[in-house]
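**Student:** First, the structure itself, so that you have it in front of you.
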Amino acid sequence: MSTFPPTVFAVKRFAVLGLGRNGLPAVQALSACGAHVQAWDDGDTGRNGLADALAHMPPEQAACITCAPLDDLGGFDALVLSPGIPHHLPRVHPVAALAIAAGVPILSDAELLYRAVRACGGKARFVGITGTNGKSTTTTLLAHILEQAGLPVAAGGNLGPAALALPRLPDNGVYVLEMSSYMLERLDTLHFDAACLLNLTPDHLDRHAGMAGYAQAKRRVFTGQTAQDMAVIGIDDADCAHIATELARGAAHCITVSGANPAASYYGKDGAIWHNGAALAPLGPTLPGAHNAQNAAAALAMARFLGVADDVAARAIASFTGLPHRQKLVETCNGTAFIDDSKATNADASSRALGCYDKLVWIAGGIAKEGGIDSLAPYFSRVEHAFLIGRDAALLAATLARHNVPHTVVDTLDHAVVQAYSLAQQTQTPVILLSPACASFDQYAGFEARGRHFQALAHAVHAQQTSRTGQ
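Under our numbering, think of the first position of the sequence shown as 1, with each following residue one higher.
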């Protein structure tokens with residue numbers, strides 16, 4: 001936000017709690033816009049990061065920032081909480097409780113970006129994209145289409161740069177924001193010109209008091225929309241299909257999308273996205289499966305709403321390279337493909353990958369989500385053998401045993417990859433798929449680190465086999 005005037009938030013006082021990938025950019029941006037900021041993090045790492053940032057700031061900006069515990073919020077205009085810090089469930093953070101008691105609004109950085117743009121008289125449009133799965137791909141794909149169309153675009157939020165790290169855009173620009181349920185809870189004046197809810201499956205239920213609360217948080221992406229706005233909703237799960245019927249009666253122009261259902265406004269069929277009986281855009285190998293067809297359908301619908309011509313959008317979709325750790329082909333070795341789908345941190349995400357391959361060796365495990373992998377039973381016949389890692393490997397093993405799926409529990413991903421390759425060669429299985437269906441934090445810093453480790457192991461197998469054959 002360095003291109004915003006230094007008077008945007010002049011005389012405002014903000015408290016910022018959490019100094020990670022969202023909180024630190026918030027401190028930097030708000031102070032650059034003239035606000036006085038008191039910031040705190042419960043951990044040393046966050047506070048040390050702020051100290052380093054202060055050392056590299058202009059003195060006049062650094063003078064507007066105080067690093068101190070937030071034990072009195074009197075006189076503050078708002079509290080900015082990092083998305084992962086709860087203000088309600090499962091247990092309210094003490095600072096959030098202070099804000100609520102003092103009547104201080106709790107806002108997201110996306111809300112403050114919107115306020116900054118409008119305070120400057122800016123007319124750039126805002127797109128919000130959410131869903132349990134697919135939101136990062138859809139956000140990145142839409143931004144790619146808009147860039148190829150020559151529109152000024154800035155993408156971020158839950159993906160990539162934090163909202164308050166995004167630049168000021170001209171009036172014809174578009175902010176494409178990936179919105180988590182946590183971020184959507186903290187909207188106030190922000191409404192999206194185009195809003196999208198892709199799908200809903202159980203996730204973060206402790207934070208939202210169950211599935212109903214989670215769905216309610218997600219559907220806030222449509223809050224405040226008018227007849228000039230577009231609401232895009234997936235219809236491939238029951239919860240979203242129900243929301244779609246309600247949106248159809250609302251103010252915004254409602255568009256339904258699906259991976260394969262021709263009842264939707266935009267849907268996937270025969271390797272393309274269709275609308276009104278016509279194929280608008282072919283789907284390449286970087287967007288495999290019905291789930292990616294739905295993602296592309298949503299991106300295409302919003303791109304058309306934002307003024308992108310069909311031929312431009314089609315070329316952009318064809319040139320999309322995909323995102324890391326989402327069904328990415330890493331290596332092929334002696335007829336066996338190594339596929340990195342580390343981003344699949346829940347069963348629904350893994351179902352999309354499992355459904356793409358007729359026969360595979362599956363590597364899964366980590367910290368299981370509610371329901372485990374029971375919902376994946378329809379895909380178990382495709383699994384030649386499963387190798388299970390991580391904290392909840394035994395839980396997953398019990399499910400596979402009930403369905404007579406061959407499986408082995410191993411200590412590490414290293415062992416899983418070596419054994420998976422050996423078995424794949426013995427059984428002529430064409431795919432080794434890392435699609436954990438679990439969170440990674442028991443063994444890794446995040447799904448990215450898990451995916452990078454898998455890639456390194458796959459490359460090592462290929463190098464070893466190449467050295468043996470002399471090829």
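From the three backbone atoms N, C-alpha and C, an ideal C-beta is built for every residue, glycine too. Small disclaimer: the values here were computed from a predicted structure and weren't measured.
Just to confirm before moving on: does the CB-CB distance between residue 145 and residue 280 stay below 9 Å?
**Tutor:** To locate residue 145, count along the sequence shown from 1; it is residue 145. To locate residue 280, count along the sequence shown from 1; it is residue 280. Not in contact: residue 145 and residue 280 (Cβ atoms no closer than 9 Å).
**Student:** If you draw a straight line from the alpha carbon of residue 42 to that of residue 358, how long is it in whole angstroms?
**Tutor:** The residue you call residue 42 lines up with position 42 of the sequence shown. The residue you call residue 358 lines up with position 358 of the sequence shown. Cα to Cα, the separation comes out at about 48 Å.
**Student:** Can you tell me which of 273, 345, 385, 349 puts its alpha carbon nearest to the alpha carbon of residue 367?
**Tutor:** Indexing the sequence shown from 1 puts residue 367 at position 367. Here the closest residue by C-alpha is 345.
**Student:** Mapping the DSSP letters down to three states, classify residue 466 as helix, strand or coil.
**Tutor:** Within the sequence shown, residue 466 is the residue found at index 466, counting from 1. Reduced to three states, the DSSP call for residue 466 is helix.
**Student:** Tell me which residue opens and which closes the alpha helix (DSSP H) that residue 474 is part of.
**Tutor:** Nothing in the structure corresponds to residue 474, since the chain is present only between 1 and 471.
**Student:** Grab me the residues of residue 138's own chain with a C-beta within less than 6 Å of its C-beta, minus the 5 sequence neighbours each way, in chain order.
**Tutor:** As a first step, residue 138 must be located in the sequence shown, where it is residue number 138. 129, 295, 298, 299, listed in sequence order.
**Student:** Check whether the segment 174–187 touches the segment 347–355, taking contact to mean three or more Cβ pairs, one atom from each stretch, closer than 8 Å.
**Tutor:** Too few Cβ pairs lie closer than 8 Å, so no.
**Student:** When you compare the CB positions of residue 127 and residue 192, do they come within less than 9 Å of one another, or not?
**Tutor:** Numbered from its first residue, the sequence shown carries residue 127 at position 127. Numbered from its first residue, the sequence shown carries residue 192 at position 192. Yes, they are a contact pair.
**Student:** Suppose you measure from the CA of residue 375 to the CA of residue 362; what does that come to, to the nearest Å?
**Tutor:** Walking along the sequence shown from the start, residue 375 turns up at place 375. Walking along the sequence shown from the start, residue 362 turns up at place 362. C-alpha separation (whole angstroms): 16 Å.
**Student:** Apart from the five residues just before and just after residue 223, which ones in its own chain have a Cβ nearer than 7 Å to its Cβ?
**Tutor:** In the sequence shown, residue 223 corresponds to position 223, counting from 1. Within the same chain, residue 223 has close Cβ partners 187, 191.
**Student:** Inspect the beta-carbon positions of residue 199 and residue 236 and report whether they are closer than 9 Å.
**Tutor:** Residue 199 sits at position 199 when you count from the first residue of the sequence shown. Residue 236 sits at position 236 when you count from the first residue of the sequence shown. The answer is yes: Cβ separation under 9 Å.
**Student:** What are the boundary residues of the beta strand (DSSP E) that includes residue 443?
**Tutor:** Taking the sequence shown and counting its residues from 1, one reaches residue 443 at position 443. Segment: none, residue 443 is in no beta strand (DSSP E) and carries neither H nor E.
**Student:** DSSP three-state label for residue 2, please.
**Tutor:** The count along the sequence shown starts at 1 and reaches residue 2 at position 2. Reliability of the predicted coordinates at residue 2 is poor, the pLDDT of 44 falling under 50, and the value obtained from them is presented with this limitation in mind. Residue 2: coil per DSSP, three-state reduction.
**Student:** If I'm right that residue 10 touches residue 46 with Cβ under 8 Å, what's the distance once you round it to whole angstroms?
**Tutor:** Position 10 of the sequence shown holds residue 10. Position 46 of the sequence shown holds residue 46. Rounded, the Cβ-Cβ distance is 26 Å, inconsistent with contact.
**Student:** Going by Cα to Cα distance, which pick from 147, 76, 61 is closest to residue 316?
**Tutor:** Counted from its first residue, the sequence shown places residue 316 at position 316. Measuring from the Cα of residue 316, the nearest candidate turns out to be 147.
**Student:** Which residues in the same chain have their Cβ closer than 7 Å to the Cβ of residue 335, if we skip the five residues on either side of it in sequence?
**Tutor:** Numbered from its first residue, the sequence shown carries residue 335 at position 335. Excluding positions up to five away in sequence, the list reads 430.
**Student:** Residue range of the alpha helix (DSSP H) that residue 302 falls in?
**Tutor:** The residue you call residue 302 lines up with position 302 of the sequence shown. 289–305 is the span of the alpha helix (DSSP H), which, as asked, contains residue 302.
**Student:** Between which two residues does the alpha helix (DSSP H) holding residue 46 run?
**Tutor:** Numbered from 1 along the sequence shown, position 46 holds the residue referred to as residue 46. 44–55 is the extent of the alpha helix (DSSP H) around residue 46.
**Student:** Comparing alpha-carbon positions, which option in 327, 167, 372 lies nearest residue 152?
**Tutor:** Taking the sequence shown and counting its residues from 1, one reaches residue 152 at position 152. Of 327, 167, 372, the residue nearest in Cα terms is 167.
**Student:** In whole angstroms, what separates the C-alpha of residue 372 from that of residue 65?
**Tutor:** The residue given as residue 372 occupies position 372 in the sequence shown. The residue given as residue 65 occupies position 65 in the sequence shown. When rounded, the distance between both Cα atoms is 45 Å.
**Student:** With distances taken between CB atoms, is the gap from residue 434 to residue 413 smaller than 9 Å?
**Tutor:** Against the sequence shown, residue 434 aligns to sequence position 434. Against the sequence shown, residue 413 aligns to sequence position 413. Yes, the pair counts as a contact, with Cβ atoms nearer than the cut-off.
**Student:** Residue 258 lies in the beta strand (DSSP E); which residues open and close that run?
**Tutor:** Numbered from 1 along the sequence shown, position 258 holds the residue referred to as residue 258. 253–258 is the extent of the beta strand (DSSP E) around residue 258.
**Student:** Alpha carbon to alpha carbon, how far is residue 417 from residue 302? Give it in angstroms, no decimals.
**Tutor:** The residue labelled residue 302 in the question sits at position 302 within the sequence shown. The residue labelled residue 417 in the question sits at position 417 within the sequence shown. Approximately 40 Å, taken between the alpha carbons.
**Student:** Pick helix, strand or coil for residue 387, following the three-state DSSP scheme.
**Tutor:** Mapped onto the sequence shown, residue 387 falls at position 387. Three-state result, residue 387: strand.
**Student:** Which term fits residue 3, buried or exposed, when burial requires 16 or more other beta carbons within 10 angstroms of its beta carbon?
**Tutor:** Residue numbering aside, residue 3 sits at position 3 when the sequence shown is read from its first letter. Residue 3 comes out exposed.
**Student:** What is the DSSP secondary structure of residue 135, counted as helix, strand or coil?
**Tutor:** Along the sequence shown, one-based indexing puts residue 135 at 135. Helix, per DSSP.
**Student:** Would you call the CB atoms of residue 110 and residue 73 closer than 9 Å?
**Tutor:** What you label residue 110 is simply residue 110 of the sequence shown in a count that begins at 1. What you label residue 73 is simply residue 73 of the sequence shown in a count that begins at 1. For residue 110 and residue 73, no; Cβs fall outside 9 Å.
**Student:** When the Cα of residue 15 is compared with those of 36, 5, 7, 22, which residue comes out closest?
**Tutor:** Residue mapping note: residue 15 aligns to position 15 of the sequence shown, counting from 1. Nearest of 36, 5, 7, 22 to residue 15, Cα basis: 36.
**Student:** Between residue 62 and residue 164, how many whole angstroms is the CB-CB distance? I'm expecting something under 8 Å.
**Tutor:** For the purposes of this step, residue 62 is identified with residue 62 of the sequence shown, where counting begins at 1. For the purposes of this step, residue 164 is identified with residue 164 of the sequence shown, where counting begins at 1. Incorrect: roughly 17 Å between the Cβ atoms, too far for contact.
**Student:** Just to check my reading of the structure: residue 383 and residue 405 have Cβ atoms closer than 8 Å, yes? What is that Cβ distance to the nearest angstrom?
**Tutor:** Locating residue 383 in the sequence shown gives position 383, where the first residue counts as 1. Locating residue 405 in the sequence shown gives position 405, where the first residue counts as 1. With a Cβ gap of about 5 Å, residue 383 and residue 405 count as contacting.
**Student:** Leaving out five residues on either side along the sequence, give the residues of the same chain with a beta carbon under 8 Å from the beta carbon of residue 92.
**Tutor:** If you number the sequence shown from 1, residue 92 lands on position 92. These residues qualify, in order along the chain: 86, 100.
**Student:** For residue 318 and residue 283, what's the separation of their Cα atoms in angstroms?
**Tutor:** What you label residue 318 is simply residue 318 of the sequence shown in a count that begins at 1. What you label residue 283 is simply residue 283 of the sequence shown in a count that begins at 1. Roughly 6 Å separates the two Cα atoms.
**Student:** Does the Cβ of residue 1 have 16 or more other Cβ atoms within 10 Å, making it buried, or fewer, making it exposed?
**Tutor:** Taking the first residue of the sequence shown as 1, we reach residue 1 at position 1. Reliability fails at residue 1, whose pLDDT of 44 lies under 50, so the model's placement of it is uncertain and the value that follows must be treated cautiously. By the neighbour-count rule (16 or more Cβ atoms within 10 Å), residue 1 is buried.
**Student:** Of the choices 339, 83, 221, whose alpha-carbon is the least far from that of residue 328?
**Tutor:** As a position in the sequence shown, residue 328 is number 328, starting the count at 1. If we check each option's Cα against that of residue 328, 339 comes out closest.
**Student:** Can you list the beta strand (DSSP E) stretches of 3 or more residues lying completely in the segment 104–188, in chain order?
**Tutor:** Fully enclosed beta strand (DSSP E) runs of 3 or longer: 125–130, 153–157, 174–178.
**Student:** According to DSSP, simplified to helix, strand and coil, what is residue 378?
**Tutor:** Counted from its first residue, the sequence shown places residue 378 at position 378. Here residue 378 sits in helix by DSSP.
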